[in-house]
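Chains as they are written, first to last, in this note's numbering: chain A, 25 to 372; chain B, 25 to 372.
The beta carbon of each residue, even a glycine, is placed where N, CA and C say it ideally should be.
Note that this is a predicted model, so its numbers are computed, not measured.
Protein chains: 2
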Amino acid sequence: MTTETTEETGAVTRRKATIIDIADHAGVSRSTVSLVLRGSPLVKAETRQRVLAAIEELGYVYHRAAANLRQQHSQVVGLVINELTNPFFTEVTVGLEAALSERQYLPFLTHTDESLERQERLLTALREYDVAGVVLCPVLGTGAELPAQFRRWQVPLVLVMRHLGDPLENYVGTDDYHGSRLATEHLIGLGHQRLAYIGGVQALGVRQERVNGFRDALATHGLDYRPDWVLACSPTRLAGRNAAQELLGRSPAPTAIVCFNDAVALGVMHAVAQSGRSVGRDCAVVGFDNIADAALVSPGLTTVSIEPQRIGRVAAQLLLELIRHPEQTGRTVLVPPQLVIRQSCGAH
Amino acid sequence: MTTETTEETGAVTRRKATIIDIADHAGVSRSTVSLVLRGSPLVKAETRQRVLAAIEELGYVYHRAAANLRQQHSQVVGLVINELTNPFFTEVTVGLEAALSERQYLPFLTHTDESLERQERLLTALREYDVAGVVLCPVLGTGAELPAQFRRWQVPLVLVMRHLGDPLENYVGTDDYHGSRLATEHLIGLGHQRLAYIGGVQALGVRQERVNGFRDALATHGLDYRPDWVLACSPTRLAGRNAAQELLGRSPAPTAIVCFNDAVALGVMHAVAQSGRSVGRDCAVVGFDNIADAALVSPGLTTVSIEPQRIGRVAAQLLLELIRHPEQTGRTVLVPPQLVIRQSCGAH
DNA sequence: CATTGAATTTAGAACGTTCAAAATTTAACA
DNA sequence: TGTTAAATTTTGAACGTTCTAAATTCAATG
């Protein structure tokens with residue numbers, strides 16, 4: 025029986041049914057019920073029916089925590105994301121969730137809000153809940169020793185979008201270098217000779233990659249790389265506008281601007297228009313990320329698309345591989361980006 | 025000893041240390057270690073030191089799943105959010121997480137992506153992981169019987185931002201009616217006589233509340249409510265722009281537009297400007313939500329601020345109350361919104 | 001109708017913790 | 001020093017599952 029009465033309220037409370045209640049109700053043993061629950065072919069069809077009926081009747085809910093305890097492994101994967109407000113990361117998590125739930129893993133999503141302290145708290149919480157692995161987009165200022173720590177802890181770890189420089193770390197991100205190169209070469213192909221780069225915070229490895237792609241594309245085509253035409257700024261629309269205003273005031277001014285991301289690019293477009301120039305005609309602009317606004321704005325923003333969902337899926341796949349083969353290290357997967365051509369670069 | 029050798033690899037593997045390993049190492053019993061872990065005052069200071077040293081030395085990690093199993097309750101709370109890409113919800117979750125982790129609960133964040141099927145999968149998964157309660161922003165099309173189901177399941181449930189109409193449901197949201205009224209009365213106070221309302225999907229209860237606030241504010245001040253000046257459209261910038269274009273083409277045109285949310289309002293501002301009118305001077309616009317862009321755009325968007333973090337905190341508090349007193353039902357908390365005055369309404 | 005092997009089912013221990021109750025040690029006092 | 005109470009520690013069962021190995025049932029065969 026699964027009903028009992030509590031003293032305080034006098035109300036009838038239904039204790040949650042367990043596998044034993046099902047067993048009693050169906051007239052079989054715990055083990056048989058367990059086999060049915062896991063879809064084993066060992067049980068006779070008729071018995072299975074009886075058990076399933078009992079499950080239905082008692083409203084039984086499988087207790088995964090107990091099963092995991094016994095089986096010594098969990099089906100939960102921690103997702104530690106630094107900035108959920110950024111739609112890009114939301115997309116990454118959508119890809120992660122899709123790939124994980126296909127393989128019966130449950131993603132445990134978690135938000136550090138770019139705070140190192142929160143990140144530490146969350147990582148130990150996940151460890152205490154015995155997750156099978158962790159996908160982490162580390163907060164700025166995360167120590168490079170974190171991957172080694174995870175190895176010691178024996179918890180598989182995949183970094184996404186930001187890496188820490190440990191040669192043994194497992195990392196999934198975009199091919200920033202080639203994406204940036206792609207964008208730059210497109211502009212050069214359109215005949216531009218005076219190209220500038222705007223955006224990104226110096227400290228970020230991502231930015232370095234993108235600037236390198238820009239630099240090398242120029243070099244390959246025999247164009248000058250002018251350090252004074254490479255401006256850093258925080259990755260926002262406002263900062264992009266300010267930086268562009270300054271740059272466009274110089275003489276000569278660039279005729280094409282490669283931007284760190286779309287937010288910056290939108291700000292840059294704004295500044296270009298305000299300076300009396302036509303975006304695309306007098307000054308070409310390309311972005312990076314292909315956010316939703318890039319298509320909606322007018323003229324449309326030419327940009328490098330990095331398929332965030334795909335990155336999520338790839339990260340999930342790598343993590344599942346690591347769960348199977350924990351000894352693997354140093355895997356890096358760079359998802360190749362694609363150029364999406366719209367009007368902001370003057371092409372059609 | 026916690027080291028052993030696996031046959032396959034020959035590598036030394038460190039089995040995760042348990043409370044028993046700590047007990048042996050410190051020369052005490054399981055129970056004593058357990059008491060130390062839970063910060064009990066019963067253990068002698070010197071013993072505690074010895075145990076803590078052992079914990080440190082063996083790199084022990086508390087196994088919450090096992091503890092929860094024994095204690096028959098978990099410290100995990102499910103957060104089921106329909107649209108994480110919406111920065112508003114991200115803010116709500118930040119508030120939830122903050123309030124929950126203060127009380128030692130761990131928020132298990134989850135994303136339905138506005139899919140009913142995903143929502144169902146996630147809810148059963150959370151049940152299987154035996155969460156202490158659930159905070160849910162239900163997907164469109166969720167059946168009104170869901171709260172009753174949760175009651176039968178004996179899982180405390182708090183709805184946020186969207187309710188289902190069950191009189192016993194527990195709900196935390198904004199006071200849409202008064203927020204909308206506030207915005208409308210502000211415009212009336214500035215002398216406007218021809219007011220229109222744009223945005224929101226008919227089916228949503230939220231929209232009905234906001235339109236009611238708009239209507240009643242008009243009535244209170246003896247102004248006509250014209251149903252043909254109340255336009256529904258999906259809550260996006262683009263849809264807002266289209267709706268406003270249509271509306272501004274009529275004659276007479278409204279001199280003030282109350283919008284369902286800020287996204288719509290930004291689209292409306294765009295249309296107003298395109299029609300050759302000055303936003304604020306010729307046509308006032310107010311939004312709802314106070315998203316980040318509202319302050320950045322020019323002119324600044326006057327809008328109703330609903331403090332999403334606060335909503336998250338309140339929802340968390342209510343849930344924790346329900347976990348303590350599961351018999352409570354029918355609680356509704358409406359967080360009062362505030363008017364943030366910028367330039368888009370012509371005031372200063 | 002035994003016998004055999006396959007098919008199906010089961011008992012008991014185990015996973016890592018905490019609870020209740022009991023056992024032991026320590027301190028205080030006459 | 002013995003007695004008592006308080007302080008501290010421990011034992012064994014329990015939480016809901018699954019594993020291993022063994023037990024039982026069934027069907028087919030000679």
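Taking Cβ positions, are residue i and residue j nearer each other than 9 Å?
{"i": "L150 of chain A", "j": "V184 of chain A", "result": "no"}
{"i": "I222 of chain B", "j": "V328 of chain B", "result": "no"}
{"i": "V296 of chain B", "j": "I315 of chain B", "result": "no"}
{"i": "L342 of chain B", "j": "R355 of chain B", "result": "yes"}
{"i": "V60 of chain A", "j": "L82 of chain A", "result": "no"}
{"i": "G237 of chain A", "j": "Y195 of chain A", "result": "no"}
{"i": "T134 of chain A", "j": "L146 of chain A", "result": "yes"}
{"i": "R88 of chain B", "j": "D154 of chain A", "result": "yes"}
{"i": "P180 of chain A", "j": "G157 of chain A", "result": "yes"}
{"i": "Q373 of chain A", "j": "Q95 of chain A", "result": "Nothing can be reported for residue 373 of chain A, as the shown portion of chain A is limited to 25 through 372."}
{"i": "V85 of chain A", "j": "T148 of chain B", "result": "yes"}
{"i": "G224 of chain A", "j": "P259 of chain A", "result": "yes"}
{"i": "V373 of chain B", "j": "L325 of chain B", "result": "Residue 373 of chain B lies beyond the stretch modelled for chain B, which goes from 25 to 372, so this question has no answer here."}
{"i": "G229 of chain A", "j": "L358 of chain A", "result": "no"}
Please classify residue i: is it buried, with 16 or more other beta-carbons within 10 angstroms of its beta-carbon, or exposed?
{"i": "G370 of chain B", "result": "buried"}
{"i": "Q143 of chain B", "result": "buried"}
{"i": "A123 of chain B", "result": "buried"}
{"i": "A41 of chain A", "result": "buried"}
{"i": "P360 of chain A", "result": "exposed"}
{"i": "T29 of chain B", "result": "Any reading at T29 of chain B needs caution, since the residue's pLDDT is 42, under 50, leaving its predicted position unreliable; the model's value is listed next. Its Cβ having fewer than 16 others within 10 Å, T29 of chain B is exposed."}
{"i": "D252 of chain B", "result": "exposed"}
{"i": "E80 of chain A", "result": "exposed"}
{"i": "E233 of chain A", "result": "buried"}
{"i": "D248 of chain A", "result": "exposed"}
{"i": "E115 of chain A", "result": "buried"}
{"i": "Q362 of chain B", "result": "exposed"}
{"i": "P191 of chain A", "result": "exposed"}
{"i": "E193 of chain A", "result": "buried"}
{"i": "E353 of chain B", "result": "Checking the sequence, you will find Thr at residue 353 of chain B rather than Glu. Looking at its Cβ environment, which holds fewer than 16 other Cβ atoms inside 10 Å, T353 of chain B is exposed."}
{"i": "R250 of chain A", "result": "exposed"}
{"i": "M25 of chain A", "result": "For M25 of chain A, the predicted model reports a pLDDT of 39, less than 50, meaning its position is unreliable; a value from the coordinates is still stated below. The residue in question, M25 of chain A, is exposed, as its Cβ has fewer than 16 Cβ neighbours within 10 Å."}
{"i": "I21 of chain A", "result": "What is shown of chain A runs 25 to 372, which leaves residue 21 of chain A out entirely."}
{"i": "A243 of chain A", "result": "exposed"}
{"i": "H245 of chain B", "result": "exposed"}
{"i": "H97 of chain B", "result": "exposed"}
{"i": "S368 of chain A", "result": "buried"}
For the alpha helix (DSSP H) that contains residue i, what are its first and last residues?
{"i": "Q226 of chain B", "result": "Note, Q226 of chain B: premise wrong, no alpha helix (DSSP H); not H, not E."}
{"i": "A267 of chain B", "result": "261 to 272"}
{"i": "Y201 of chain A", "result": "200 to 213"}
{"i": "T148 of chain A", "result": "140 to 152"}
{"i": "T117 of chain B", "result": "111 to 126"}
{"i": "G291 of chain A", "result": "286 to 298"}
{"i": "L93 of chain B", "result": "88 to 95"}
{"i": "L192 of chain B", "result": "No alpha helix (DSSP H) contains L192 of chain B, which DSSP labels as neither H nor E."}
{"i": "L1 of chain B", "result": "Residue 1 of chain B is absent from the model: chain B starts at 25 and stops at 372."}
Which two residues bound the contiguous beta strand (DSSP E) that contains residue i?
{"i": "P131 of chain A", "result": "130 to 135"}
{"i": "V364 of chain B", "result": "362 to 364"}
{"i": "D313 of chain B", "result": "308 to 313"}
{"i": "L66 of chain B", "result": "Neither: L66 of chain B is in no beta strand (DSSP E) and is coded neither H nor E."}
{"i": "I330 of chain B", "result": "Unbroken run through I330 of chain B: none, as it is neither H nor E."}
{"i": "A280 of chain A", "result": "280 to 283"}
Taking 8 Å as the cut-off, is the CB of residue i close to at least one heavy atom of the ligand GDP?
{"i": "Q333 of chain A", "result": "Inclusion of the ligand GDP in the displayed structure is not the case, the ligand content being empty and no account of it being possible."}
Inset, instruction - Pull out every residue of the stretch 74 to 90 of chain A whose Cβ sits closer than 9 Å to any Cβ of chain B, in chain order. - result: Listed by position along the chain: G83, V85, Y86, H87, R88, A89, A90.
Legend entry - Proximal residues, the stretch 115 to 132 of chain B versus chain A, C-beta separation under 9 Å: Under the 9 Å Cβ criterion, the stretch 115 to 132 of chain B contributes E115, T117, V118, E121, S125, L130, P131, F132.
Legend entry - Residues of the stretch 318 to 329 of chain A with Cβ closer than 8 Å to any Cβ of chain B, in chain order: Of all residues in the stretch 318 to 329 of chain A, L320 have a Cβ within less than 8 Å of some Cβ in chain B.
Legend entry - Stretch pair the stretch 105 to 122 of chain A + the stretch 158 to 166 of chain A: three plus CB contacts closer than 8 Å: Verdict: yes, contact present.
Inset, instruction - Using a Cβ-Cβ cut-off of less than 8 Å, give me the residues of the stretch 257 to 270 of chain A that come near chain B, in sequence order. - result: If the cut-off is 8 Å between Cβ atoms, the stretch 257 to 270 of chain A has R261, L262 near chain B.
Inset, instruction - Note down, in chain order, all residues in the stretch 187 to 214 of chain A with a beta-carbon under 8 Å from any beta-carbon belonging to chain B. - result: Using a CB distance below 8 Å, no part of the stretch 187 to 214 of chain A faces chain B.
Legend entry - Positions along the stretch 152 to 174 of chain B whose CB lies within less than 8 Å of some CB in chain A: Hits within the stretch, in order: E152, Y153, D154.
Legend entry - Short-range partners of chain B found in the stretch 235 to 248 of chain A, where Cβ spacing is below 9 Å: Of all residues in the stretch 235 to 248 of chain A, none has a Cβ within less than 9 Å of some Cβ in chain B.
Legend entry - Selection of the stretch 338 to 357 of chain A by Cβ proximity to chain B, strictly under 8 Å: From the stretch 338 to 357 of chain A, only E351 have a Cβ closer than 8 Å to chain B.
Inset, instruction - Compile a chain-ordered list of the residues in the stretch 132 to 146 of chain A whose CB is closer than 9 Å to at least one CB of chain B. - result: Sequence-ordered contacts of the stretch 132 to 146 of chain A with chain B read F132, L133, T134, H135, D137, R142, R145, L146 [C-beta pairs closer than 9 Å].
Inset, instruction - Using a Cβ-Cβ cut-off of less than 7 Å, list which residues of the stretch 289 to 309 of chain B approach chain A; keep chain order. - result: In summary, no residue of the stretch 289 to 309 of chain B has a CB separated from any CB of chain A by less than 7 Å.
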